[in-house]
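Just so you know, the protein sequences line up as chains A, B and C, in that order.
Numbering-wise, this note's numbering comes out as the position in the first sequence, counting from 1, plus 6.
Numbering-wise, this note's numbering comes out as the position in the second sequence, counting from 1, plus 2.
No gaps in the numbering here: position 9 of the third sequence is -2 in this note's numbering, and each next residue is one more.
Structure record follows, encoded as structure tokens.
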Amino acid sequence: MRNPTATRMLFEMSEPGRGTVVFPESDIPRVTGIPELGAEHLATGLLPLPELAEPDVVRHFVNLSTLNMSVDTHFYPLGSCTMKYNPKRHERLARLPQAAASHPYQQESQIQGLLSVLYELQGMLAEISGLPAVSLHPAAGAQGELTALLTAAAWFRHRGEQRTRVLFPASAHGTNPASAALAGFECVQLSGGRDGFVDLSELRSQLDDRVAVFMVTNPNTLGLFEKDIATIAGMLHEAGGLVYIDGANMNAILGRTRPGDFGGDMMHYNVHKTFTGPHGAGGPGAGPIAVRDFLAPFLPAPVVTFDVARNWYSLTSPEYSIGRMRSFFGNVGILLRGYCYIRTVGGRGLREAADCAVLNANYLLSQVRDFLEVPHGNRCMHEFVASAKRLKEQTGVTAMDIAKRLLDYGFHAPTVYFPLVVEEALMMEPTETESLATLDAFAAALREICSEPAELVKGAPHTTAVCRPDDVTAARKPILCWSGQC
Amino acid sequence: MDPETLYFAKTHEWVSVTGNVATVGITDFAVRLLTDIVYLSLPVAGKVYRPGQAMGEVESVKAVSDIYAPVSGEVLEVNLGLPEQLQLLSESPFERAWIVKLKLSDASELEKLMNRAQYLGHCDG
Amino acid sequence: MAYLFDTPEQRQRMLKAIGAGSVDELFEQIPRELQLGRELSLEGGVSELELEQDLQRRLGQAGGGGVCFLGGGVYDHFIPAVVDELTSRGEFYTAYTPYQAEASQGTLQAFYEYQTLISQLSGMDVSNASLYEGGTAVSEAVFMAMRINGRDGRVVVAGSLHPEYRQVLRTYFSRLGTEIVEVPASGGVVSVELCRAALTTDTTALVLQQPNFFGCLEDIAGLTAAAHAAGALAILAFDPLSPGLLKRPGDYGVDIAVAEGQPLGTPLQFGGPLLGIFTCRSEYVRKMPGRLVGRTVDRRGRECFVLNLQAREQHIRRDKATSNICTNQGLLALRTTVFLSVVGPRGLCQMAKLSHEKAQYAAACLTRLPGVVLKYDRSFFREFVLETPLPATEVLTALAARGFNVGPELSRFGDSLGEGLGRCFLVALTEKRTRAEIDALAAALGEVLSG
């Protein structure tokens, strides 16, 4: 049961003199002959941080946590997010002191074990993707995209080619064009065919010697496998360009097909999606990339290499490396969780996960399509997009309204209004770690909502602590901290 | 301001010309598309803009859109009161919600713009 | 063992409802010639017990069994038990990004509290809800400066800024035609005159660090004035522990202040995941990268929290976004919020004082050894550069063998910190190091140098 007084702001619970963490008395003698801190550098008063008693802090955060939905508490069919179960064994293993207390500047001799694990992970990600050269460096998927684009740019420059454009479909995740722009490319968006797939003639019309990369998600964000992907890759390669696969949807194809086998030259993984890294309310994640051999020399540094003769793991810099994308090696804490998952389920387990993810999504589609339009057919991969367009025309109820009403039924909403190519989109990805009973209950709730009176749905959510925050006023006059000064 | 006398750009700016002064704003259609507008950043006084160059931004919760100069010119005046009275954009988009006055440098550029009927057709299409 | 549910009977029922004969049929969407047609060449799944035993065996001892005196951006600080306990709640760490505000008030309020605490800590007007880590935070700050003053051709960077942060800058700006001008450090700091000379009217910003990579304290006031005089922004990378003892970035009047937040409640984890702290002056808030949580009211007038100014982010603005960042470091921002809540201003001040005193003491003990000198005769905070008669790599290897992890050696970063530094290395102290450990380090170093 929630305690409402405990969720008031931390700053309202502050009293001077309260405090909780105490450090041992200093037994350090004063020294002479060492430069002192000049007065010009010293703080002049106590920091204005709140002074809190530990029991208050604990009550505060425990009660706050009860205001959240989470994978541990609810079904979260968010398309393209792969909200699958986060195994607790990974939490314990990633927290082993040998890993958690390793400083990045430790002697190589002390971290051989850790490096061997990371090296093994590089190999696993190469096998799963079909692309042999792996970098564990990027901090998240978006950074993985940027890293791969910069790697490709360096390769082109090395060949003396000036390529300035990146193509992507209108259904692409927003990070794709954002990353391309950051990498200094001109972004060209393709509208695609009405069937939801890449339109080959449209693509052909845009291919020339300015095109560097085509960024595509496969399965795409409509949950459909681009059946012409090999042809698309052929077209790009003939024009001298490269294909980048956004790996957000890898959960659909693990062990069934591989980006390297269907024409991809580069891809990123989202460890916090496919490999059960916890979402953490917005991170941390990890976005390792896998690329073709010819791109390997340009990968960011450092990578883990193994010297067979000396039986020694090292951190090295590829020959023409683009350099560093962030400090230190990578998000090792998250990478370890992904490693644990792949080790515990094995290759067969990964394929079973994909099988079940696709089965669950198709089943949910079959249950939903008689009351919610699914514009792109009766088959999907691990996710599908339904549309509330007809409902909106008939009753005024929108995808957002349905999303909010689902909260009353005890489900987190699917992704709404993405991809942009479907009006009133509801993108649903159940994942494999859900039972038939959950899927049936969710479908029943959706069916119920679609026949409820419009005012009831538009007034939702009714049972949550808050209902429809005013984000317009928030954007006009942002209040971003407690003192209100910002 | 009678919309019939205005010129329109494909990017939803309107232009009204008196002598060599072009007054520019954004259309009611654009305002409706954006829905609740939360912020506006004005062009820079004294700066010279070319047609198609971004000279300001209008932001809603859903989107941030650039405001493009429909013709070339030097900024003579900006509507300083507008950012604090964003409701004028829906109440009076062609009159009180003018954004900038440009010194028209090349009147022939107006021929590249649309009239009201053409603009409405463009919005429907 | 992929955490699956269905019985064979349930599978059949589902397939029937779908109208397919088998799961394989569902994968017919993938053209036959593209299907893998074999098992992945990965080892079979192992049990939790086996995996734990394997990792325990391979990973060896924590920190190689040595005492940590390593610095250079991340440090072995104390983390109270409460931090792990509260952030291990599944409602926090298995939650999603708070796009649906009604389902995420816990997360949103915690981030709002985080933003407030960070602005109190830094003395800056506003903080975002985190970026990846310190290095990318610096790069994002430079992008933001360019958005603010429209100058995108040139940035001036102190040569005393963390070499890895400078490397990240180079990678991010390499394709964009931006000139990155480094002002070399001399005597452990950068000179105001040299920076002033480098700041041209087309320079977007001056990037500084306090304390700098050497642990030395810079004249931030003078450097900030020089930047502003040239119409450039002052960007400061600061040590998030330092406000307990030293002036805050806001006190110096800088425009954007960033930090590596790891010292405030995040374990080392071999360098990631970490916490990118990002703050700025309030007039720049619409140009900030990353997520921002705002306070508002709901339909019934109840106070609540919501992701704010999202129109700036990649999922809406796409190629014109303030950044490409999507997933950030949510859980680590939460750790820092809990950390600061229980440590409080007095605890933080104590941590800073202890780290400082111990660094002073260590410097005194170590420089008593023949031939060992403090490389830079300047005030420093929590870490310092030592120079000995032997090559640094040799010294550090020998110390590690004796159970003391010290460093990094400055030559690790090539010439980027200066020339002739082959016998120099960092020594970092935190509140965790005891007098006995420091005395033992001095004894060990004495042995290494005489042996």
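We treat Cβ as the ideally placed atom computed from N, Cα and C, and that holds for glycine.
If Gly177 (chain C) sits next to Phe203 (chain C), beta carbons under 8 Å apart, how far is it from one beta carbon to the other, in whole angstroms? Indeed, because the Cβ distance is near 5 Å, the residues count as touching under 8 Å.
Are three or more beta carbon pairs between the region 311 to 320 of chain C and the region 264 to 281 of chain C nearer than 8 Å? With the cut-off at 8 Å, the region 311 to 320 of chain C and the region 264 to 281 of chain C touch.
Distance, Tyr70 (chain B) Cα to Phe335 (chain A) Cα: A straight line joining the alpha-carbon of Phe335 (chain A) with that of Tyr70 (chain B) spans about 43 Å.
Spatial neighbours of Val77 (chain A) within its chain, please: C-beta separation below 7 Å, excluding the five flanking residues on both sides. Counting only Cβ-Cβ distances below 7 Å, and skipping sequence neighbours, we find Met89, Tyr91, Asn92.
Going along the chain, which residues of its own chain have a beta-carbon closer than 7 Å to the beta-carbon of Ala417 (chain C), five neighbours each way excluded? Within the same chain, Phe58, Leu59, Gly60, Tyr64, Arg371, Glu372 come within 7 Å of Ala417 (chain C) by CB-CB distance, once the 5 residues on both sides are set aside.
Rounding to the nearest angstrom, what Cα-Cα distance links Phe377 (chain A) and Pro420 (chain A) in this structure? Between Phe377 (chain A) and Pro420 (chain A), the alpha-carbon positions lie close to 16 Å from each other.
Excluding the 5 residues flanking Glu93 (chain B) on each side, which residues of the same chain have their C-beta closer than 8 Å to its C-beta? These residues qualify, in order along the chain: Ala99.
Identify every residue that forms a DSSP beta bridge with Lys103 (chain B). B:Thr25, B:Glu79, per the DSSP bridge assignment.
Below 9 Å between beta carbons: does that hold for Tyr125 (chain A) and Tyr319 (chain A)? Tyr319 (chain A) sits close to Tyr125 (chain A), with the two beta carbons spaced by under 9 Å.
DSSP three-state call for Trp68 (chain B): helix, strand or coil? In the sequence as displayed, the identity of residue 68 (chain B) is Asp instead of Trp. Residue state, collapsed to three classes: strand.
From C:Val56, C:Gly261, C:Val146, residue whose alpha carbon lies closest to that of Gly396 (chain C): If you compare the alpha carbons of C:Val56, C:Gly261, C:Val146 with that of Gly396 (chain C), the shortest gap goes to C:Val56.
Within the same chain, show all residues whose beta-carbon is closer than 8 Å to that of Thr13 (chain A), passing over the 5 residues directly before and after it, in chain order. Residues His66, Asn69, Leu70, Leu73 of the same chain have their beta carbon placed closer than 8 Å to that of Thr13 (chain A), with the five preceding and five following residues left out of the count.
Any idea what DSSP makes of Trp488 (chain A), helix, strand or coil? Collapsing the DSSP output to three states places Trp488 (chain A) in coil.
Integer-rounded CB distance, given that Thr96 (chain C) should sit under 8 Å from Ala84 (chain C): Thr96 (chain C) and Ala84 (chain C) do touch by the CB rule: their CB atoms are close to 6 Å apart, below 8 Å.
Check whether chain D comes within 9 Å of Tyr41 (chain B), counting only Cβ atoms and requiring the distance to be less than that. In the displayed structure, chain D is absent; the protein chains listed are A, B and C.
Where are the beta strand (DSSP E) runs, 3 residues long or more, that stay fully inside the region 379 to 431 of chain C, in chain order? As for any beta strand (DSSP E) of minimum length 3 sitting wholly inside the region 379 to 431 of chain C, the runs are 393 to 396, 413 to 417, ordered along the chain.
So with Cβ pairs under 9 Å, would you call Val63 (chain B) a contact of chain A? Judged by the 9 Å Cβ criterion, Val63 (chain B) is in contact with chain A.
Is Cys205 (chain C) helix, strand or coil when you go by DSSP? In this structure, Cys205 (chain C) counts as strand in the three-state DSSP scheme.
6 Å Cβ shell around Gly355 (chain A) - same chain, five flanking residues per side excluded: For Gly355 (chain A), same chain residues with a beta-carbon under 6 Å away, outside a window of 5 residues either side, do not exist.
6 Å Cβ shell around Glu61 (chain B) - same chain, five flanking residues per side excluded: Excluding sequence neighbours, Glu61 (chain B) sits near Val40, Tyr41.
Return helix, strand or coil for Cys57 (chain C), following the three-state DSSP convention. The answer is strand: DSSP assigns Cys57 (chain C) an E or B state.
Is there contact here, the region 229 to 244 of chain A with the region 200 to 212 of chain A, by at least three beta-carbon pairs under 8 Å? Using a C-beta cut-off of 8 Å, the region 229 to 244 of chain A makes contact with the region 200 to 212 of chain A, since at least three inter-stretch Cβ pairs fall below that distance.
Would the region 161 to 177 of chain A count as touching the region 363 to 377 of chain A if we require 3 or more Cβ pairs under 8 Å? At 8 Å Cβ cutoff, the stretches do not touch.
For the alpha helix (DSSP H) containing Val63 (chain A), list its first residue and its last residue. First-last of the alpha helix (DSSP H) with Val63 (chain A): 60 to 71.
Exposed unless 16 or more other CB atoms sit within 10 angstroms - verdict on Asn22 (chain B): Exposed: under 16 other Cβ atoms inside 10 Å.
Top-ranked residue by Cα proximity to Gly58 (chain B), from B:Cys125, B:Val50, B:Asp108, B:Val46: Its Cα nearest to that of Gly58 (chain B), the residue B:Val46 stands out among B:Cys125, B:Val50, B:Asp108, B:Val46.
Verify whether the separation of the beta carbon atoms of Leu415 (chain C) and Leu375 (chain C) is less than 9 Å. It is a contact, given that the beta carbons lie within the stated cut-off.
Strictly by DSSP, which residues pair up with Val331 (chain C)? Beta-bridge annotation (DSSP): Val331 (chain C) is not paired with any residue.
Whole-Å CB distance - His382 (chain A) paired with Gly202 (chain A), under 8 Å assumed: Between the beta-carbon of His382 (chain A) and that of Gly202 (chain A) there is about 4 Å, and that keeps the pair under the 8 Å contact cut.
So if I threshold CB-CB distances at 7 Å, which residues from the region 66 to 88 of chain B count as touching chain C? Cβ contacts with chain C: Val66.
Bridge partners of Pro20 (chain C), per DSSP? The partner list for Pro20 (chain C) (beta bridge, DSSP) is empty, contrary to what the question assumes.
Using a 10 Å radius around the Cβ and a threshold of 16 neighbouring Cβ atoms, would you call Ser211 (chain A) buried or exposed? Answer is exposed; the Cβ neighbour count stays below 16.
Please return the same chain residues whose Cβ sits closer than 7 Å to the Cβ of Pro324 (chain A), not counting the five positions on each side in sequence. When the five nearest sequence neighbours on each side are left out, the beta carbons in the same chain lying within less than 7 Å of the beta carbon of Pro324 (chain A) are those of Ala302, Pro303, Phe304, Leu305, Ala307, Val309, in order along the chain.
Would you mind stating whether Leu222 (chain C) and Asp244 (chain C) have Cβ atoms separated by less than 9 Å? Yes, Cβ-Cβ distance for Leu222 (chain C) and Asp244 (chain C) is below 9 Å.
Cross-strand partners of Ile295 (chain A) (DSSP beta bridge): The beta-bridge partner set that DSSP reports for Ile295 (chain A) consists of A:Ser141, A:His274.
For Glu420 (chain C) and chain A, any beta-carbon pair shorter than 9 Å? When Cβ-Cβ separations below 9 Å define contact, Glu420 (chain C) makes contact with chain A.
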